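Written out below as structure tokens is the structure these notes cover.
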Amino acid sequence: KSSVQTIGEEQIQNPYTELLVLKGHQDIVRFLVQIDDCRFASAGDDGIIFLWNAQTGEKLYELHGHTHKITAIAPFSSSDVTEEKTDLIITASADRTVIVWDCASGRQVQKVSCFHSTVKCLTVLQRLNVWLSGGSDLCVWNRKLDLLCKTTHLTDAGISALVELPKNCVAAAVGKELIIFRLSATNNGCEGWNIVEVKRLVDHQDNISSLVSVNDLTFVTGSHVGELIVWDALDWTKQASESNFWDSSVHPDVQPEIKLSQSPQETSVQHLTSDKECVFAAVGKGIYVYNLQMKRVIACQRTAHDSSVLHIEKLSNRQLISCSEDGSVRIWELREKQQLPAEPVPTGFFNMWGFGRANRQANQAAKKMQENTPVYFLELVGDLIGHSSAVQMFLYFGELGLATCSADHLIILWKDGERESSLRSLTLFKKLAQNGDLQLKL
Amino acid sequence: MISAPDVVAFTREEELEDDLYREPPLPEEYSVPLFPFAGQGANPWAKVAGSKFTRDFILISEFSEQVGPQPLLTIPDDAKVSGTFDLNYFSLRIMSVDYQASFVGHPPGSAYPKLNFVEDSKVVLGDSKEGAFAYVHHLTLYDLEARGFVRPFCMAYISADEHKIMQQFQELSTEFSKASECLKTGNRKAFANELEKKLKDLDYTRTVLHNETEQQKKANDKGYYTTQAIEKANELASVEKSIIEHQDLLRQIRSYPYRKLKDSEFHPYEPECALERADVGSDQDPTASEPGETHLYTHVPSYTPKLIKAKSAKCFDKKLKTLEELCDVYFFTQTLDQLHHIERTFRGDVCYLLTEQISRALLKQQSVTNFLFEDVSFLDEKPPEKQYRGCQGLDQGAVDEKCSEESLAPKVVISLGSYKSSVECVPIKMEQEMEDSEEPKMSESVMSEHQENLDYLDADIKGSISSGESIEVLGTEKSGSGLPKSESQASLPVMASPQAGRSKVGSRRTVSEDSIEVLSTCPSESLIPEDFKASYPSAINEEPYADDDEGGLRFTPRLNPGVDDGQDDISKQESLVQVDAACCIGKESPNFLEPLAELGQKPCEEDGVVRIPPQPYRPAERGYRPAEPGLRGAFPSHDGLSGGLLPYELDSRYLTGSGEVSKSSLDECSDSTSYISSAASTCSDRTPSPAHLGCAAGEKHRKRAGQNALRFIRQYPFAHPAIYSLLSGRTLVVLGEDETMVKKLVTALSIFVPNCGVYAKPVKHWVTSALHLVDFQKWKLIGLQRAASPAGVNVLHALSRYSRYLSILDADSKTLRCPLYKGSVVARLADHRTQIKRGSTYYMHVQSILTQLCSKAFLFTFCHHLHLPISEREPEESVVNRRMNFLKLQLGLANEDIKIVQYLAELLKLHYIQEPGQGGNPLLRFDYVPSFLYKI
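Right, here's the structure in full:
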């Protein structure tokens, strides 16, 4: 019995009525990264990076250079005033190399292969014009790929996530720990940097799986056992946390037999994203919306997908897109619920387990809620079925559509059929005019 | 299928052998009283009366230097075909008109024998006694052992229907030229090989003789030569002379392509051969697998030279080489293939052929939409440019002009230009004078009242037919090579002189038994000036509707004003075009269909002369041709919601009416006039050569598909939504256990599938593995295996997963799961109570309705204001409103029919904006609409 909400075949609000399948990869495609308004790069386990045109689906370049799977990719646009803007991408691979590519020419700019371990994450600090690579240690590089400084060997497991913090700091997730580093300029040169460990935060019970910066003042981390901690970005103190949900004693209203069915995998915080007000968390199969001000979950969909949600993103129009291992992409809308007396209210705690109608439990929980707070819920407005395997990631291009990548080696560009149709008409009449077949008399 | 297909369906024997006598009865609604004297199943079109053969065939004959004219082979190679027809007699007849210059030998002033590269001649002749009419194509092949190194051959297309020969003359000529070119290429190769061998023999002989002479010299030191020695020396000298002669011959034959290339008229057959070769595969002679003439004469290393008795190269053996031996084996089979192809192409009634050609020509013009439902592969299969090279070189305007000229001026078989050129090669003074005086007069009268001329010619030809025994050469084409004329041509046989032809035109003919009369001679293309050529070939074809009762052939007099004042003409024509465009603008809706009705009867018109005022012809190459005047004319006058609507298009009756109006193709919607003018000139040179090699197979397929489709719409009550799915681009999966049943259903439904490009239909007949998203992009109709195995479970799982993109027709449980259909187009397309019984007829019915749909889609796609705002400030909603109004009110579409047209329009857009050479990513468009389950 599945409790996953379904929408059926009639999806009025779903704009994506046209798709393009982009073939090229020969293995799982794990990363999509936007280069500019109409280009993106894809990379995955086959070690090849493809550059695509997001409008036409045209394959622009096929970048070969890595011999193993790609582990991290980051765009790096130069903001030098002196030279014109060049779009670069940095890729790290399991072959222990990092390559910088030029997106305009599709050529390899430079390659670094002096790593002792696989680089698992890359972060570009545009402000300082440097980039960082995180493996078993943390290295700081400048644009010309000079190693500026590096930390001592941290751990064999390596840094799993990096996030930039204010005041030249970075937070690195290393296992269960969160380490704050500070970059400081050396006295003897303009390009010299030092990196020092400032603080270690050990509040998480399990490996930190996701790390996201919300704004200049806060960042959020999530761990494999479903802890969510909101940190102050300036003094690195814990502002709030939702970490006790897996302790059934805290939630007497949760039925015990359901609690037993929980496995760490299903409580893992897979991905976090945020807008100014809320943090959106993909936890297990569910999606949770955590309001930073109210410091509580304001809406949730416990079983948003049939299996783990891998990536979520908030759109500007109160919509949320999620993709999952079950191969589907779903579009949600965060709606304010009409406050009716008997209306069920979302839970005030982070996780609530159960089969069947979640509403009943929510209803019980709602009694504890304050009556005057606005209540939200996530409404399924559309789903995109196309991939035959887990959808690893997606990239939202606004009007241009949505690119999804999957373990079935494919990338699918989902497009608004209406818009594409009128664009084609426009092209058609342009071509007619060009060919001189038609005299446009307006 | 544009031109009234329902009637044409019954005028043709699809399988001649089988259907000729086992024609199923006509459906009631088409029943026409049969020919009263005919027995069961007699075919009113079969001209069995006079002829002794049952169907058209191709005869290859040779004028053997030993036994005279003899038939070599017939195509089809079936004794039944020629029946009691006397091939020997007919060979004699056709070979006796071969009067081309084939003089080879030692021309005066030349030291060595000289090869003439003779052009083929093309002759039409009739033998009323035998009831046979033939297109005869003469050619010469080289043979080292033959007299003068040449062997005259001819290929003849023999038919009982003289009109067929006359009307298809140009096509026959084109096709036979290809065959001949192929044969001659092979022959040159073989001839060169033969020469090389001979040279080696001679070389060897010389060495032997030389050694013998040396030995004799050594053995005999008496200081004087013995008779023996002198003999040997003579022999040696003669061998050496022979070597030089042969070397020269070899040089000549090898230089052939280069000499030819200099000639602007050279048709490069070789590259095409190379292409075909690639298709044919590797089972051919490996030496022939390199393209290009230069490689053809490759050295054969395994040959061991023989000692030959020195003799003149000109003497011949007792046994002459067979045709196969004369020609390289690869080229020989190619030639036979080509001849078989010709036989297939021209099989059937001339009415059918003409209709086919007309619809093909029309189809070719619809370059924007024709890919959707028509098999357009034949359109670019063999472009006719080869033949009409001269035409290509001209700019579009000039072509336009020429085309309209054809309808403008009545035609004369013998035009000024042709006389001039034939006079050039046959300078017979007296005749020429006569000619010169006669011709201008003729053209004048033709200019003013061509009808009069017709009668005049008419009577004349009637007379000629009445002479029972005579063979009449109705039209011959005298070819001249582009090479400088050798003196030898002066010695042309008398028959070649245009005097006979002129006597014909001048209505002065000899009525004598057994005489051969050359009714007219035309120069081959090589002698026609470039700009003159395009209009020339239609001289014979242009009167395709000559009256049967008269029993004679009528030559529509035609003048070619372009000859003397080509420049002047162009400007004149330009102004004509403009005038015409203005006419179009002023066109009112009631008049709109009138010319079309006329068109239907056109083929039966009495004199076959186009009476329509001159219309500009806009060839299809221009791409988006038809909409031009219409859009220009109509748009400015409209704005607001109905903006961009042509007045006559507003009348949706025209578009929604069935049957008759199926002709309401794109042309009519915008430029109805060009439709007519093109119909008039369909038989002219721009008609694509009827090279539908794949057509025979396609024909069969269509018939079967139509039959299956008929069965499908009768059996399944939910045929409509299924067809709707296909037309709206939703992939239909036919699911079933039994492969043959599924394949049958897929075949049936395939006729409703719009093509996404010019390539193969997006139909997959049988799939056994699970489907993926990519498959739905590629295929719009899929036959899928239902299996009980675990793999089968996967297959079903994938189906349910992607169910939103699919309609599923379960052939086992007879259910259909697909969106609802409430429109009306499909009801007309697939009426289960239809009276149509034959598969091919139903196929054509479907095609005609689909053509209507295409025209709607075309209008929808290319109406500017339906897609783009009229002004900058106009909101998107009003454009959308206008668009929907157009679809609903103007095109008369209801409900789901709109989606069909939208989908077709989308395909048109994609096709149009697609850059050539760029494959383009296949799109998958879909709707989020609920599906329903239909059961029987």
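These protein sequences, in sequence, are chains G and X. For the first sequence, my numbering gives the first residue as -12, with consecutive numbering after it. For the second sequence, my numbering gives the first residue as 235, with consecutive numbering after it. C-beta: ideal position from N, C-alpha, C; glycine also. Predicted model, so just to flag it, every value in this text is computed and none were measured.
The beta carbons of L1141 (chain X) and P996 (chain X) sit about 11 Å from each other, so the pair does not count as a contact at 8 Å. For P955 (chain X), the secondary structure class from DSSP, reduced to helix, strand or coil, is helix.
For Q(-2) (chain G), at least one C-beta of chain X is nearer than 8 Å to its own C-beta.
Identification of residues in the stretch 995 to 1007 of chain X having a C-beta nearer than 8 Å to some C-beta of chain G yields H1006, L1007, given in sequence order. For Y1162 (chain X), the neighbours in chain G by C-beta distance under 8 Å run, in chain order, E(-4), E(-3), Q(-2), I(-1), N1, T4, G369.
Between Y363 (chain G) and R317 (chain G), the gap from beta carbon to beta carbon reaches 8 Å or more. Residue pairing from DSSP places L1167 (chain X) in a beta bridge opposite X:R1051. For the stretch 248 to 316 of chain G, the continuous alpha helix (DSSP H) assignments of 4+ residues that do not extend past its boundaries occur at 251 to 254, in sequence order.
With 16 or more other CB atoms across the displayed protein chains lying within 10 angstroms of its CB, R1116 (chain X) is buried. In the three-state DSSP reduction, R1116 (chain X) falls in the helix class (H, G or I). Under the Cβ criterion of 8 Å, Q1069 (chain X) is not counted among the residues facing chain G.
Cβ atoms of L1063 (chain X) and I1083 (chain X) come within 8 Å of each other, at about 5 Å. In this structure, DSSP gives V(-9) (chain G) a state outside helix and strand, which the three-state scheme calls coil. Out of X:V1114, X:S1074, X:A1045, the CA that lies nearest to the CA of E933 (chain X) is found in X:S1074.
In this structure C1088 (chain X) is in contact with L606 (chain X), their Cβ atoms being roughly 5 Å apart against a cut-off of 8 Å.
Between the alpha carbons of F1092 (chain X) and C990 (chain X) lies a distance of about 15 Å.
The beta-carbon of K1143 (chain X) is placed less than 8 Å from the nearest beta-carbon of chain G. Per DSSP, the beta-bridge partners of K225 (chain G) are G:W218. The DSSP-derived three-state label of V183 (chain G) is strand. With 16 or more other Cβ atoms inside 10 Å of its own Cβ, P2 (chain G) counts as buried.
Listed in chain order, the positions of the stretch 1031 to 1052 of chain X with a beta carbon within less than 7 Å of a beta carbon of chain G are R1035, Y1036, R1038. Not flagged as an interface residue toward chain G: I1132 (chain X), since no C-beta distance is shorter than 8 Å.
E1111 (chain X) does not reach chain G, its nearest Cβ partner there being about 12 Å away, counting only Cβ pairs nearer than 8 Å. Close to E1140 (chain X), with beta-carbon spacing below 8 Å, are these residues of chain G in chain order: S408, R411. Restricting attention to X:F324, X:D435, X:S1034, the CA atom closest to the CA of K363 (chain X) is found in X:F324. With a beta-carbon spacing of about 4 Å, Y1168 (chain X) and F952 (chain X) fall inside the 8 Å limit used to define contacts. In this structure, the CA atom of S393 (chain X) is about 11 Å from the CA atom of V358 (chain X). Counting the other Cβ atoms within 10 Å of the Cβ of A144 (chain G) gives fewer than 16, which makes it exposed. With a cutoff of 8 Å on beta-carbon distance, V473 (chain X) and R440 (chain X) are scored as near each other. DSSP places Q1019 (chain X) inside the beta strand (DSSP E), whose first and last residues are 1015 to 1019. When CB distances to chain X are screened at a threshold of 7 Å, not a single residue of the stretch 299 to 324 of chain G falls below it. Distance from T290 (chain G) to V20 (chain G) at the Cβ level is roughly 30 Å; contact not present, criterion being Cβ atoms closer than 8 Å. Taking 8 Å as the CB threshold, V8 (chain G) lines the interface with chain X.
Taking all protein chains in view, the Cβ of L1054 (chain X) is surrounded by fewer than 16 other Cβ atoms within 10 Å, so the residue is classified as exposed. Any Cβ of chain G closer than 8 Å to the Cβ of Q599 (chain X) would place that residue at the interface, and such an atom is absent.
Residues of chain G with a Cβ closer than 8 Å to the Cβ of S1165 (chain X) are, in chain order, E(-4).
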